[in-house]
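*Asks:* Okay, here's the structure, questions in a sec.
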Amino acid sequence: MSFFFKRRRNDAKSASQPDPDAAGAPYALPDFAVDEYRPLKVICIGAGYSGIIAGIRFSQRIAKLDLTIYEKENGIGGTWHVNRYPGLACDIPSHCYQLTFEEHVEWSNFYAPGPEIRAYLQRVVDKYKLMRYIKLRHELVGAAWDEVAGRWHVRIRRADDAGKTEEFEDECDVLFLGIGVLSRWKWPDVDGLKNFGGRVIHTAQWDAAEGEWQETVKDWGDKVVGLIGNGSSGIQAVTALQPRVKSLINFAKSKTWLSTSFSVNMLLKLLGRAEDSIDYDFTEEHWEKFKDPKYYKDFRHEVEHDLNSVNSITIRDSPLQKAAAAAFKAEMEKKLARKPELAEQIVPQFSVSCRRLTPGPGYLEALCEPNTSLERTPITRVTKTGVELADGRAVALDVLVCATGFDTSYHYPFPITGRGGLALNARWTPHAEAYLSVAVDGFPNLFWALGPNSGLNSGSLLVLMEKQVDYIVAAAAKMQRERIKAIEVKRAAVLAWRAYVASYFPKTVFTDACNSWYRTADGAIVGLWPGSCLHAVRALQNPRWEDFEYTYVDAGAGTGPLYWLGDGQSWNEKTMTGDRAWYLDEVDIPPVPED
Ligand code: NAP
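Here the sequence shown is numbered in UniProt numbering, starting from 1 and rising by one per residue.
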């Protein structure tokens, strides 16, 4: 009978934990060497950026690893595989949206188009030979913790070429969720969507089978297109669709800030272009220069340094917040010069960054084109022929594009059951939380990249993801080294984190009055790390292992927390194989003081 259908009665938390009173008792020395590590089975869910980084780092750093990466889509890349909407592009500088250890020279634009990022990720996967771990079209159905075995039972649904599915079970010591937060897209909450007689499509649903987006909209020249939303996706899609359709109406409930000048100014300066240039393409001449490792390193360093210098914008009433608001307002008004009445409709009163700040190059210019309009009146109903607005007007449409975002609640559609039968969705009610965004009490050996509170307002999300993976791999290495069966973050540590998060955000602009996916319905901020990108990097750098509780593989008489010290020798001595002076190759040579 499947693990999932069995009633488990063996969830006693510390059934196999050594008796603490036996701490001073003699050890029954085992016959393994101190570095004769136990095998570790790791299952990673998702082959987006998180899963790819995990695949590289787990296989690099964990000996005797059995790794499987299950990916529900028929390709790698996560959000960059799924999202194919018109205008899809990176909205931070391309050189900061790549792995620290895997630099690409030939980004075509300051903001790389989605297909380039997808191709980059495919090259990374190929280079590190990750397809041997990745199983495509394998979707997580549920996971349950087995207290006795100290393992996760994972149920997976596999689909074949014809779309036929079957389910099976796998199990692992460590379960890593790299499923992102922007992966469960949602329709707008308006009546009648199903009644619409034309085409209705979500930005995250653009069909890969139809080819790149330019192909999919090639017949839209005579179409009246409505596009709901002005988040990052909507802004990019409006810009890309405007020249390709007969007319375009952007339905936007909220005002929003655009920050084109933020990193662009610095990039233009570095590339020697005029301050007001709107040419954001890199040229072959740049690519040639980037081939010089020192030049490239300095360039990237400069861009990333700049990106990491603006976090104070998120602090309410800070000088940078005020300066940015004034600069962005002036810049937005300038770009709206052909339709000055739009400024009142779109330039917000709330602070810059309350909603996700996006550069949106070309968006305001697109809104000023004669075939485009901005509609702020809320949609009350979708009809067969278009939409009805709150003021009673009807707008006829041929196509309705919904750039209406994602379910960012962290309430997963599949069950994850931890210690004592605790359901994750119950643990995460009223809202999700995870210590340093990577782990939660009640769920041993389960870790997240991009878990609750891991988004960033500034800085590079990829650096944060790399650091989260480093942290999790370090936990797995500790489990292997010290023969730990279960590692669980202490509830007290999670509560301390909760208190820190709750203390941090009130001073920021994220609690301003704006609509933002960073906040949950109960007002908690779950979408953002409480601090800057560099703050997160530092916080994740040195795990506080004392914030975790442990149970051990070997339990009972003659064992204890130091049982992993083994038989008093290392593997190379025990087997008389390999190098027995290896530490001489790892010497950390201290600098000699100059005076
Ligand atoms: P989003 O920021 O959540 O925006 C959703 C939009 O849909 C909002 O404007 C929202 O309005 C609107 N909306 C939802 N329901 C509506 C309704 N019933 N009527 C009218 N409007 C409605 O989603 P997103 O644009 O997909 O972006 C999500 C995140 O994805 C971004 O913040 C970013 O982190 C990421 N992203 C990144 C990139 C990149 O280049 N790296 C590109 C795209 C997206 P209200 O806000 O007023 O509710």
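C-beta: ideal position from N, C-alpha, C; glycine also.
1) Would you report the Cα separation of Glu-369 and Tyr-49, rounded to the nearest angstrom?
2) What is the C-beta distance between Ala-33 and Lys-574, in whole angstroms, given that I count them as a contact (C-beta under 8 Å)?
3) Give the C-beta separation of Ile-156 and Phe-168 to the nearest angstrom, bearing in mind that I take them to be a contact with Cβ-Cβ under 8 Å.
4) For Val-42, which of Lys-289, Gly-78, Leu-175 has the nearest alpha-carbon?
5) Does the region 299 to 315 come within contact of the region 217 to 227, defined as at least 3 CB pairs closer than 8 Å?
6) Apply the 10 Å Cβ neighbour rule to Arg-199 and answer buried if 16 or more other Cβ atoms are within range, or exposed otherwise.
7) Pull up the distance between the alpha-carbon of His-138 and that of Val-124, whole angstroms please.
8) Is there contact here, the region 466 to 477 with the region 304 to 323, by at least three beta-carbon pairs under 8 Å?
9) Please state whether DSSP places Ala-33 in a helix, a strand or coil.
10) Mind reading off the beta-carbon distance from Tyr-383 to Asn-195? Whole number of angstroms is fine, and I expect it under 8 Å.
11) Run through the DSSP bridge pairs and tell me what Cys-402 is partnered with.
12) Does the distance between the C-beta of Thr-203 and the nearest non-hydrogen atom of ligand 1 fall short of 8 Å?
13) Any heavy atom of ligand 1 within a distance shorter than 8 Å of the CB on Gly-234?
14) Does any heavy atom of ligand 1 sit closer than 8 Å to the C-beta of Gly-459?
15) What separation, rounded to the nearest whole angstrom, lies between the Cα atoms of Gly-418 and Phe-350?
16) Under the criterion of a Cβ to heavy atom distance below 8 Å, does Ile-228 qualify as lining ligand 1?
17) CB of Cys-90 to nearest heavy atom of ligand 1: below 8 Å?
18) Does the region 404 to 412 come into contact with the region 275 to 283, if we say contact requires no fewer than three beta-carbon pairs (one atom in each stretch) closer than 8 Å?
19) Give the single residue among Ser-454, Asn-453, Tyr-435 whose Cα lies nearest to the Cα of Leu-446.
20) Suppose you measure from the CA of Thr-559 to the CA of Leu-495; what does that come to, to the nearest Å?
21) Going by DSSP, what residues sit across from Gly-142 in a beta bridge?
22) Assign Asn-10 to one of two classes, buried (16 or more other C-beta atoms within 10 Å of its C-beta) or exposed (fewer than that).
23) Roughly how many angstroms lie between the CA atoms of Gly-442 and Ile-62, to the nearest whole one?
24) On the three-state DSSP scale, how would you describe Val-469?
25) Quick check on the DSSP output: the alpha helix (DSSP H) that includes Asp-170 runs from which residue to which?
26) Quick one, which of Arg-483, Ser-532, Pro-39 has its alpha-carbon nearest Ile-313's?
27) Verify whether the separation of the beta carbon atoms of Leu-177 and Gly-75 is less than 9 Å.
28) Once DSSP output is grouped into helix, strand and coil, what is the label at Lys-6?
29) Look at Leu-121 and Ile-52 and say whether their C-beta atoms are less than 9 Å apart.
30) Label Val-85 either buried or exposed according to how many other C-beta atoms from any shown protein chain fall within 10 Å of its C-beta, with 16 as the threshold for buried.
31) May I have a chain-ordered list of the alpha helix (DSSP H) segments no shorter than 4 residues that lie completely inside the region 485 to 536?
32) Smallest Cα separation from Gly-578: which of Asp-35, Pro-413, Gly-24, Glu-71?
33) Could you give the first and the last residue of the continuous alpha helix (DSSP H) run that contains Asn-195?
34) Should Leu-584 be labelled buried (16 or more other beta-carbon atoms within 10 Å of its own) or exposed?
35) So, is Met-1 buried or exposed, given that buried needs 16 or more other C-beta atoms within 10 angstroms?
36) Specify the secondary structure class of Ser-409 as computed by DSSP and reduced to three states.
*Replies:* Quick look at the numbers:
1) Position 369 of the sequence shown, counted from the start, is the residue given in the question as residue 369. Position 49 of the sequence shown, counted from the start, is the residue given in the question as residue 49. Going from the Cα of Glu-369 to the Cα of Tyr-49 covers about 36 Å.
2) Locating residue 33 in the sequence shown gives position 33, counting from the first residue. Locating residue 574 in the sequence shown gives position 574, counting from the first residue. 5 Å between Cβ atoms; contact.
3) As a first step, residue 156 is located in the sequence shown; it is residue number 156 there, counting from the start. As a first step, residue 168 is located in the sequence shown; it is residue number 168 there, counting from the start. Ile-156 to Phe-168, Cβ: 6 Å. Contact.
4) On the sequence shown, position 42 is the one that residue 42 refers to. Per the Cα distances, Leu-175.
5) no
6) On the sequence shown, residue 199 is found 199 positions in, with the first residue counted as 1. Arg-199 should be labelled exposed.
7) Along the sequence shown, one-based indexing puts residue 138 at 138. Along the sequence shown, one-based indexing puts residue 124 at 124. So the alpha carbons of these two residues sit roughly 21 Å apart.
8) no
9) Reading the sequence shown from its first residue, position 33 is the one you call residue 33. Correct three-state label for Ala-33: coil.
10) Position 383 of the sequence shown, counted from the start, is the residue given in the question as residue 383. Position 195 of the sequence shown, counted from the start, is the residue given in the question as residue 195. One point to set straight first is that residue 383 is Thr, not Tyr, in the sequence displayed. Their Cβ separation, rounded to whole angstroms, is 6 Å, which keeps Thr-383 and Asn-195 in contact under 8 Å.
11) Counting from 1 along the sequence shown, the entry for residue 402 is found at position 402. Partner(s): His-202, Ile-228.
12) Here residue 203 is taken as the residue at index 203 of the sequence shown, counted from 1. For ligand 1, at least one heavy atom lies less than 8 Å from the Cβ of Thr-203.
13) The residue labelled residue 234 in the question sits at position 234 within the sequence shown. Correct: Gly-234 has its Cβ closer than 8 Å to ligand 1.
14) Mapped onto the sequence shown, residue 459 falls at position 459. No.
15) Along the sequence shown, one-based indexing puts residue 418 at 418. Along the sequence shown, one-based indexing puts residue 350 at 350. Answer to the nearest angstrom: the Cα atoms are 41 Å apart.
16) In the sequence shown, the residue the question calls residue 228 occupies position 228. Yes, Cβ of Ile-228 sits closer than 8 Å to a heavy atom of ligand 1.
17) To locate residue 90, count along the sequence shown from 1; it is residue 90. Yes; taking the cut-off as 8 Å, the Cβ of Cys-90 has a heavy atom of ligand 1 nearer than that.
18) no
19) For the purposes of this step, residue 446 is identified with residue 446 of the sequence shown, where counting begins at 1. Among Ser-454, Asn-453, Tyr-435, the Cα nearest to that of Leu-446 is on Tyr-435.
20) Counting from one through the sequence shown, the residue named residue 559 turns up at place 559. Counting from one through the sequence shown, the residue named residue 495 turns up at place 495. Answer to the nearest angstrom: the Cα atoms are 32 Å apart.
21) As a first step, residue 142 must be located in the sequence shown, where it is residue number 142. Arg-155, per the DSSP bridge assignment.
22) Taking the first residue of the sequence shown as 1, we reach residue 10 at position 10. For Asn-10, the predicted model reports a pLDDT of 44, less than 50, meaning its position is unreliable and no value from the coordinates is stated.
23) Here residue 442 is taken as the residue at index 442 of the sequence shown, counted from 1. Here residue 62 is taken as the residue at index 62 of the sequence shown, counted from 1. So the two alpha carbons sit approximately 25 Å from each other.
24) By 1-based counting over the sequence shown, the position of residue 469 is 469. In the structure shown, Val-469 sits in a helix (DSSP, three-state: H, G or I).
25) Mapped onto the sequence shown, residue 170 falls at position 170. That residue, Asp-170, is in no alpha helix (DSSP H); its beta strand (DSSP E) goes 165 to 172.
26) Working through the sequence shown from its first residue, we reach residue 313 at position 313. Closest option to Ile-313, Cα to Cα, is Ser-532.
27) For the purposes of this step, residue 177 is identified with residue 177 of the sequence shown, where counting begins at 1. For the purposes of this step, residue 75 is identified with residue 75 of the sequence shown, where counting begins at 1. Cβ distance not < 9 Å, so Leu-177 and Gly-75 don't count as in contact.
28) In the sequence shown, the residue the question calls residue 6 occupies position 6. Reliability fails at Lys-6, whose pLDDT of 48 lies under 50, so the model's placement of it is uncertain and no value is given.
29) On the sequence shown, residue 121 is found 121 positions in, with the first residue counted as 1. On the sequence shown, residue 52 is found 52 positions in, with the first residue counted as 1. Cβ distance < 9 Å, so Leu-121 and Ile-52 count as in contact.
30) For the purposes of this step, residue 85 is taken as the residue at position 85 of the sequence shown. Per the sequence shown, the amino acid found at residue 85 is Tyr instead of Val. Classification for Tyr-85: buried.
31) 491 to 504
32) Residue numbering aside, residue 578 sits at position 578 when the sequence shown is read from its first letter. Residue Asp-35 is the option with its Cα nearest to Gly-578.
33) Counted from its first residue, the sequence shown places residue 195 at position 195. Asn-195 -> no alpha helix (DSSP H), and no H or E assigned at all.
34) Within the sequence shown, numbered from 1, the residue matching residue 584 stands at position 584. Exposed, by the Cβ-count rule.
35) Taking the sequence shown and counting its residues from 1, the one referred to as residue 1 is at position 1. Here the model assigns Met-1 a pLDDT of 41, short of 50, so the residue's position is not dependable and the matter cannot be decided.
36) For the purposes of this step, residue 409 is taken as the residue at position 409 of the sequence shown. Three-state DSSP puts Ser-409 in coil, outside helix and strand.
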